[in-house]
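Q: If you read the sequences in order, they're chains A and B.
Quick note on my numbering: the first sequence kicks off at 65 and runs consecutively.
Quick note on my numbering: the second sequence kicks off at -5 and runs consecutively.
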Amino acid sequence: MAKSLAGSEGLLPVTDWSHGRFGKSGPWASPGVRTATTLVVLWAILLGVTGVLDPSFVSDEALLAIAFNMAVVGVLSAGVAVLVISGGLLDLSIPTSTGLSALCTAVVLNHVGSWPAAIAGIACGCGIGLTNGLLIVATKVNPIVITLAVNFAGEGVLNMAFGQEFPLLKSGLHDLGLSNFIGVPTITWLMFGVLLLTGLGLSHTRYGRRAIAVGGNSIAAKRQGISLARARIATFGFMGLCAGIAGVLYASQSQIISPGDTSDLLFPAITAVILSGFSLQGGRGSFPVLILGIGLLSTIPTSLIALGATPDWTQLAQGLLLVFAVSLDGFRIKRGRR
Amino acid sequence: MLKNRLKLVSCLISVMALVMSVGFESGAAQAAGANLTQQSKSVALKAGALCPSTTCAIPLPGQVPKGIKIGFANGGVGFAFLNEQQAIFLALAKRYGWVPYVLNNNASGPTAVTNMEQFAEDKVQYLLEFQIDQTVNPVLCAKAHSANITMITEAIPGPCEYFTSDDDHATGVAAGQKLGVYAKTNWDCKPDLVLLAASTSTGLASTERVGGDIDGVKSICPNIPQKDFVEFQMNNDNATGIGDARDSLVANPNAKRILVGGLNDLGVTQAITAAEQLGRAGQLWAWGGDGSDLGTDTDPHYHGSIQFFLEAGILPAFTIALELAAGDNVKKGFSPLDPTLIQQTCAMTEQQALHIPTIQQRGTKELAEYPTETAAQLYCPKTTS
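(1) Decide if the segment 264 to 273 of chain B is in contact with the segment 353 to 367 of chain A; the criterion is three or more beta carbon pairs, one per stretch, under 8 Å apart.
(2) Can you find the residues in the same chain that come closer than 6 Å, C-beta to C-beta, to A:Val221, ignoring five residues on each side of it along the sequence?
(3) For the beta strand (DSSP E) holding B:Phe157, just list the boundary residues, first then last.
(4) Report the residues of the segment 239 to 253 of chain B with a CB closer than 9 Å to any CB of chain A, ordered along the chain.
(5) Taking the continuous beta strand (DSSP E) assigned at B:Met342, which residues delimit it?
(6) If you compare alpha carbons, which of B:Val204, B:Val244, B:Asn217, B:Asp241 is closest to B:Asn258?
(7) Which class does A:Tyr314 belong to by DSSP, given the choice of helix, strand or coil?
(8) Evaluate the contact criterion for the segment 241 to 254 of chain A versus the segment 112 to 128 of chain A: three or more CB pairs, one atom per stretch, below 8 Å.
(9) Is the shortest distance between the beta-carbon of A:Val132 and the beta-carbons of chain B less than 7 Å?
(10) Look at B:Glu397 and B:Met145 and say whether their C-beta atoms are less than 7 Å apart.
(11) Over the uninterrupted beta strand (DSSP E) stretch that includes A:Met134, give me the two end residues.
(12) Within 7 Å (strictly less), CB to CB, does B:Asp231 reach chain A?
(13) Counting only C-beta atoms, is B:Leu272 closer than 7 Å to chain A at any point?
(14) Less than 8 Å between the CB atoms is what I'm expecting for A:Leu329 and A:Leu154, so what's the real figure, rounded?
(15) Quick one: list the residues of chain B neighbouring A:Cys329, beta-carbon separation under 8 Å, in chain order.
(16) For the segment 351 to 360 of chain B against the segment 180 to 189 of chain B, are there 3 or more C-beta pairs whose distance is under 8 Å?
(17) Please specify which runs of the alpha helix (DSSP H), each continuous and at least 4 residues long, are wholly inside the segment 151 to 236 of chain B, giving them in chain order.
(18) What separation, rounded to the nearest whole angstrom, lies between the Cα atoms of A:Val122 and A:Gly112?
(19) If you compare alpha carbons, which of B:Phe303, B:Thr343, B:Gly327 is closest to B:Leu361?
(20) Which ranges does the alpha helix (DSSP H) cover as unbroken runs of at least 4 residues, wholly within the segment 295 to 322 of chain B, from first to last along the chain?
(21) So B:Ile236 contacts chain A; which residues on that side make the cut at Cβ distance below 7 Å?
(22) What did DSSP end up calling A:Ser362 once you bin it into helix, strand or coil?
(23) List the residues that DSSP assigns as beta-bridge partners of A:Met303.
(24) How many angstroms separate the CA atom of B:Phe113 from the CA atom of B:Asp160?
(25) Return the first residue and the last residue of the beta strand (DSSP E) that B:Glu123 is part of.
(26) On the DSSP letters alone, give me the boundaries of the alpha helix (DSSP H) that B:Lys137 sits inside.
(27) Start and end of the alpha helix (DSSP H) containing A:Phe256?
(28) Would you check if the distance between the CB atom of A:Asn174 and the CB atom of A:Pro323 is smaller than 7 Å?
(29) Give the residues of chain B in contact with A:Pro119, contact being defined as C-beta atoms less than 8 Å apart.
(30) Taking 7 Å as the cut-off, decide whether the C-beta atoms of B:Lys63 and B:Val118 are in contact.
(31) I need the boundaries of the beta strand (DSSP E) containing B:Lys88, first residue and last residue.
(32) Return the first residue and the last residue of the beta strand (DSSP E) that B:Ile62 is part of.
(33) Closer than 9 Å between beta carbons: that is the criterion. Which residues of the segment 95 to 110 of chain B meet it against chain A?
(34) Considering only residues of the same chain and omitting the five flanking positions on each side of B:Lys212, which have a CB-CB separation below 8 Å?
(35) Quick one: Cα of A:Arg274 to Cα of A:Ala370, how far?
(36) If the cut-off is 7 Å on Cβ atoms, which residues from the segment 165 to 181 of chain A count as contacting chain B, listed in chain order?
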């Protein structure tokens, strides 16, 4: 039912993991496939040019580095993707929720152990996510304003509660952050797992389909008895869960953590989602394409440094990509209204 | 560089001269019914303690007016050493009967600018500024100037009037020499890669320290090709910093004998983690840049660092404020190349660092010994071999 509601507005949700619905006039005419093709071509060009100019770049190690780059951002992107699908929402408290989760993980890790630390980190993230959702529903204020406020407040809490940097003791969690399995970092496998489960959950569970329906047409969804408030709380809670997992993965590859560490994670997480064709109007997006977006975004720094550029060029390239993706999304929305 | 050395030497000589005059002055003062200022100044300094003024004398409580409003812009309360600096600042202000005012810059340039407006509104007279994002320092200085606030920047320079810091280039050289000695002893001066953590936003401090690292390595191993010195951008965000280090290692796929150094210990540990993730840390040998991880038993590849006694960085800044309040002729200097006051540092192995007190304990001791002994005099080892 949820899909038909969304479809009634002409915004067919493309959220299935394995059997995406790509539109009425064949898969190649749909935005999902076009976005995927564009990303694959861009990624191939980037890898090809870098490989030609620096043949040593074509290596298992480069793949490993790119895969490591993907892990934390990828998990956060899963949460952002769900928010965007469920109504073009954004969560600006990602830096705080990830940072707080990482610090919770660090503190528990040093005093108890790896598993309790991971649980504590994820619980911290969920707590902030649910707080966001409840505040948004209770106050009916724009989620951007609420999450921005929560981010500022969270920074204060971080500073007051932790107040200093934390060296992390050697642990199983740290080993996890350094390890790899069949040539791919373990934390990247975990990211793939999160993306897979999120994609399947959206398309195959009642809660997931409701989130899509709310994003596709909230008024129609409400008429069908879907509680917008519950959907909001659930989606922000899920964002918090992802931030919690990202915080644990962040801690697993850090030897020292301090408040404010994660302030740079917001931009790439949002960029990856928009770059992957998730509509800022909600209701549309594909998780397989999201993996391509995360991969392309994570390859840029590795390629540019291999070519001798500084990280400033990475920022420039990623910024331009976001402008391109947002413009493309605007163009599609405009064309869809005709 | 030579100019700095000469200034350092001349300052040391003036300190020695002052110390030599101590006994005479003390006795004379007592006999003459006491010039309290001179008597206290004579007690204040020992050989090796550096001074910001031509009189080279640090006022003691009672020798400067009470009730002066002094601010401290804490760079970010997330840093343990800055928390300790804040504690020392508050204790010193209390000792001198001054009114302390602390705001948190939270490692953010825009926040620092907002805080400066608050300091101005509350009519702070002296401001000790630890600002991590150097790019806003010109704005801070301009705002301070227009509000008649005397601003003393610490560690990260700004175009204000007074600046206190370590000698960034010299500390870089000291760290680089440790790397060079290891390369010479173990690899016949043939490392494959010297990976150095740099930070563009930190500005000249990074340039000088990383440049010092290179000079230090080359002073031991002059024939290492320039192409083998590779800088990466460290970042307070580990995901970004480790990523940049990882990408730099990927760009140098054949490097096995890897030396790691650079601006600070955080950047160095980011490079170590990156190498461990790629399975490239087998022959990696690292020496830190600012001592912030010393004594934490961070990683077996991290062998030591330059101990900055970062918690004590507030003391020379406060000293400058005290001397200005006392009307002394304090040297102006806002560049790392020519600061008002140079802080002493020393190379220290991780093992040595494990045997000195913690930051909090050191802070308490340094405060108790101020101004007669510096942190370096209290804790620097005789050798670092």
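Cβ atoms here follow ideal geometry from the backbone N, Cα and C, with glycine treated the same way.
Since the structure is predicted, the reported quantities are computational estimates derived from the model, not experimental observations.
A: Checking against the coordinates, here is how it stands:
(1) Short answer: they don't touch.
(2) Excluding sequence positions up to five before and after A:Val221, its CB lies less than 6 Å from no other CB in the same chain.
(3) Where B:Phe157 is concerned, the enclosing beta strand (DSSP E) stretches over 156 to 160.
(4) If the cut-off is 9 Å between Cβ atoms, the segment 239 to 253 of chain B has Arg240, Asp241, Ser242, Leu243, Val244, Ala245, Asn246, Pro247, Asn248 near chain A.
(5) Unbroken beta strand (DSSP E) run through B:Met342: 340 to 343.
(6) Checking every option, the nearest Cα to that of B:Asn258 belongs to B:Val204.
(7) In the structure shown, A:Tyr314 falls within a helical segment according to DSSP collapsed to helix, strand and coil.
(8) Counting Cβ pairs under 8 Å, three or more are found: they touch.
(9) The displayed chain sequence assigns Phe, not Val, to residue 132 of chain A. By this cut-off, A:Phe132 is an interface position.
(10) The structure shown has nothing for residue 397 of chain B, since chain B only spans -5 to 379.
(11) Unbroken run through A:Met134 is the alpha helix (DSSP H), 124 to 149; no beta strand (DSSP E).
(12) At least one C-beta of chain A is nearer than 7 Å to the C-beta of B:Asp231.
(13) True, the Cβ-Cβ gap to chain A drops below 7 Å.
(14) Going by Cβ atoms, the distance from A:Leu329 to A:Leu154 rounds to 14 Å, so no, they are not a contact pair.
(15) In the sequence as displayed, the identity of residue 329 of chain A is Leu instead of Cys. Scanning chain B for C-beta atoms nearer than 8 Å to the C-beta of A:Leu329 yields Asp231, Ala233, reported in chain order.
(16) Not touching, per the Cβ criterion.
(17) Counting only runs of 4 or more, we get 162 to 181, 198 to 214.
(18) Within the model, the alpha-carbon separation for A:Val122 versus A:Gly112 is close to 9 Å.
(19) Between B:Leu361 and the set B:Phe303, B:Thr343, B:Gly327, the nearest pair of CA atoms involves B:Phe303.
(20) Qualifying alpha helix (DSSP H) stretches, in chain order: 308 to 319.
(21) Gln317, listed in chain order.
(22) DSSP places A:Ser362 in helix when its eight states are reduced to three.
(23) In the DSSP assignment, A:Met303 forms no beta bridge with any residue.
(24) Taking the straight line joining both Cα atoms gives about 26 Å.
(25) Boundaries of the beta strand (DSSP E) around B:Glu123: 120 to 123.
(26) Bounds of the alpha helix (DSSP H) holding B:Lys137 are 131 to 140.
(27) Element bounds for A:Phe256: 250 to 268.
(28) Taking 7 Å as the Cβ cut-off, A:Asn174 and A:Pro323 do not qualify as a contacting pair.
(29) The contacting residues do not exist; A:Pro119 stays about 10 Å from chain B at best.
(30) Yes.
(31) No beta strand (DSSP E) contains B:Lys88, which is instead part of the alpha helix (DSSP H) from 74 to 90.
(32) Premise fails: B:Ile62 is in no beta strand (DSSP E) and is neither H nor E.
(33) From the segment 95 to 110 of chain B, only Asn98, Asn100, Ala101, Ser102 have a Cβ closer than 9 Å to chain A.
(34) So the list reads Gly170, Gly174, Ile218, once near-sequence residues are dropped.
(35) Taking the straight line from one Cα to the other gives about 44 Å.
(36) Within the segment 165 to 181 of chain A, no residue has its Cβ closer than 7 Å to any Cβ of chain B.
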